[in-house]
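Read through the structure below, which is laid out as structure tokens, and then see the notes.
In the numbering used here, the protein residues as written are 1002 to 1288.
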């Protein structure tokens, strides 16, 4: 099974099937988006509600679980080794900008630009997971979603273009995850607090894993093999860093709650003082 998957991923002809399926999926979604927009503009509603729901699901999937696979597929026919004139991604030599790869390369370049702009636009649109929630929980717009999208782009680009520089890949991975941990704790402490504590813990565990990956890469480049102790340290540190991420989010949440409470208290005191001063002035007015 592993060899079959490897053959599908690194053989050019099966890859083209996957490539054109991805292109078709995006074009169909684009046609659906134009139809939904046209229906809203002309009639004020969508006659087929299923199309609107499908657009929402697909757009969200493109930015989340499907972004890295699609970005990788479009980038694979563009990563050219110009010293040889062949693509990096395939086991058999495939010319970069000529022969059977010319049309896929041009289409991929167009789709990559469009898909990036489309994903950035969708990442800045928030879809509430649960519409039955009776009150809105504070969330400072889409800065975190956009940061995640940028990190995904950087990681795919580095994995495709920088695989000859493992230490660069390790450092970029560590810095990217560090940024996501910090941004998540700072920007999203009050939106679904329990869920965000868990998600911050997961990001912090991934950060610990990336730090161990940097250490492993450095040891490998120095001519040695990573010791088995490093593997045990990676596994042993996952749970403590999970707890650390949850703790950091909880501390941030409590500090914000204290700030809000102080602001409310100050506003209440100011209102009471103004009301008392107003009543005192009225009591001293002549009849």
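Cβ coordinates follow ideal geometry from the N, Cα and C atoms, glycine included.
Less than 8 Å between the beta carbons of residue 1235 and residue 1218, yes or no?
It is not a contact, given that the beta carbons lie outside the stated cut-off.
Pick from 1222, 1179, 1173 and 1203: whose alpha carbon is nearest that of residue 1241?
1203
With a CB to CB cut of under 6 Å and the five nearest residues on each side skipped, what residues in its chain are close to residue 1182?
1204, 1205 and 1208
Please confirm if the region 1069–1077 is in contact with the region 1020–1036, defined as three or more CB-CB distances below 8 Å between the two stretches.
yes
Where residue 1185 and residue 1067 are concerned, what is the direct C-alpha to C-alpha distance, given to the nearest angstrom?
21 Å
Thinking residue 1152 and residue 1177 are a contact (beta carbons under 8 Å), I'd like their distance in whole angstroms, please.
4 Å
How should residue 1244 be labelled, buried or exposed, when 16 other C-beta atoms within 10 angstroms of its C-beta is the threshold for buried?
exposed
Three or more C-beta pairs closer than 8 Å, one from the region 1223–1233 and one from the region 1259–1268: is that the case here?
Judged by Cβ distances under 8 Å, the region 1223–1233 makes no contact with the region 1259–1268, as fewer than three pairs qualify.
For residue 1088, name the three-state secondary structure that DSSP assigns.
strand
Consult DSSP for residue 1165 and reduce its assignment to one of helix, strand or coil.
coil
In this structure, how does DSSP classify residue 1081 when only helix, strand and coil are distinguished?
strand
Given a cut-off of 8 Å, decide if residue 1056 and residue 1033 are closer than it, judged by their beta-carbon atoms.
yes
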